Amino acid sequence: NAGVIQTPRHKVTGKGQEATLWCEPISGHSAVFWYRQTIVQGLEFLTYFRNQAPIDDSGMPKERFSAQMPNQSHSTLKIQSTQPQDSAVYLCASSSRGQDTQYFGPGTRLLVL
Amino acid sequence: GDQVEQSPSALSLHEGTGSALRCNFTTTMRAVQWFQQNSRGSLINLFYLASGTKENGRLKSTFNSKESYSTLHIRDAQLEDSGTYFCAAEGGNYKYVFGAGTRLKVIA
Chain A
1 NAGVIQTPRH KVTGKGQEAT LWCEPISGHS AVFWYRQTIV QGLEFLTYFR NQAPIDDSGM
61 PKERFSAQMP NQSHSTLKIQ STQPQDSAVY LCASSSRGQD TQYFGPGTRL LVL
Chain B
114 GDQVEQSPSA LSLHEGTGSA LRCNFTTTMR AVQWFQQNSR GSLINLFYLA SGTKENGRLK
174 STFNSKESYS TLHIRDAQLE DSGTYFCAAE GGNYKYVFGA GTRLKVIA
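Protein chains in written order, with this note's numbering: chain A, 1 to 113; chain B, 114 to 221.
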C-alpha cells in the first residue's frame with residue numbers, strides 16, 4: 001500500500017499562471033479530502049468528494065479554485081491565475097468512508113512568485 | 114471563534130521525560146485524530162478516537178466528547194519524537210478542524 005500519492009511534490013509558478021495538483025487516494029477509499037496549510041491560517045479544509053461526487057466545497061475560495069474527481073483513482077485541484085497568497089502546502093487525504101480515519105499524502109508545496 | 118484550542122503551542126522535553134498535549138473543543142465533536150508532522154511535512158497518523166483511550170508504545174490518547182477535550186500523552190520522550198503535533202476533530206460532518214499545533218523539541 002503506497003499510501004496517498006500527491007504530485008508534484010513542489011511547484012513554482014509565476015503570478016497569473018495556472019497550477020494543477022494531483023492526488024491518488026489509497027486504493028479502495030471512497031472519500032477524498034483536500035486541505036491547505038499555511039503558517040498564518042494553519043490547516044484548513046477545502047473540499048470533499050465521496051464516491052467521486054463533490055459533497056462539500058465550502059472551504060474553497062470562490063474564485064480561481066476548482067476540484068474534480070474524474071475517476072476513483074485520482075483527484076485534481078486546479079488554481080487559475082495563481083496569486084502569491086495561494087502559496088501553501090496543499091494536502092490530500094483519503095478515508096475508507098467519509099467519517100473515518102483520514103490518511104494524508106505528503107502534500108504539494110506551491111510557491112507563487 | 115476557533116473550534117479547536119490546542120495547548121501548549123510549544124514544548125521542550127529532555128530525553129526520557131514526558132508530558133501531555135491537550136485539545137479543547139468549543140463544540141461537540143464526534144471523533145478526534147492526532148498527527149505528528151515530521152521535518153519533511155508529512156502528517157503521520159498517531160490515533161483515531163471516537164471515544165475512550167488508546168495506547169501505542171510510548172503514546173497514549175484520550176477523547177472525552179462529553180467534556181469536549183482530548184489529550185495526547187508522551188512518555189520517555191526520544192529525539193525522534195521532535196516535530197509538530199496536531200489534533201483534528203470532526204463534528205459529524207466529516208470535515209476535520211485542526212488545532213494550531215504543538216511544536217515539540219526533545220533535547221538530549
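The beta-carbon is built from N, C-alpha and C at its ideal position, and this holds for glycine as well.
This one's a predicted model, so the numbers in the text were calculated from it and none came from an experiment.
- Residue 100 of chain A and residue 84 of chain A have their alpha carbons spaced roughly 34 Å apart.
- For the stretch 56-73 of chain A, residues whose beta-carbon sits nearer than 9 Å to a beta-carbon of chain B comprise 56, 58 and 59.
- When DSSP states are grouped into helix, strand and coil, residue 172 of chain B belongs to the strand group.
- Listed in chain order, the positions of the stretch 202-213 of chain B with a beta carbon within less than 9 Å of a beta carbon of chain A are 203, 205, 206, 207, 208, 209, 210, 211, 212 and 213.
- Closer than 9 Å at the C-beta level to chain B, one finds these residues of the stretch 14-43 of chain A: 31, 33, 35, 37, 42 and 43.
- Rounded to whole angstroms, the separation of the alpha carbons of residue 183 of chain B and residue 204 of chain B is 14 Å.
- Using a Cβ distance threshold of 8 Å, residue 196 of chain B and residue 119 of chain B do not count as a contacting pair.
- Looking only at B:138, B:123, B:140 and B:139, the smallest Cα-Cα distance to residue 132 of chain B is reached by B:123.
- Contacts with chain B at 8 Å (Cβ-Cβ) include residue 45 of chain A.
- Taking one beta carbon from each stretch, the stretch 140-155 of chain B and the stretch 56-75 of chain A have fewer than 3 pairs nearer than 8 Å; the two do not touch.
- Here the C-alpha atom of residue 167 of chain B lies approximately 13 Å from the C-alpha atom of residue 158 of chain B.
- When secondary structure is reduced to three states using DSSP, residue 113 of chain A falls in the coil class, being assigned neither helix nor strand.
- For residue 93 of chain A, the uninterrupted beta strand (DSSP E) segment begins and ends at 88-95.
- Within the stretch 151-169 of chain B, the residues whose Cβ lies closer than 8 Å to any Cβ of chain A are, in chain order, 153, 154, 155, 156, 158 and 161.
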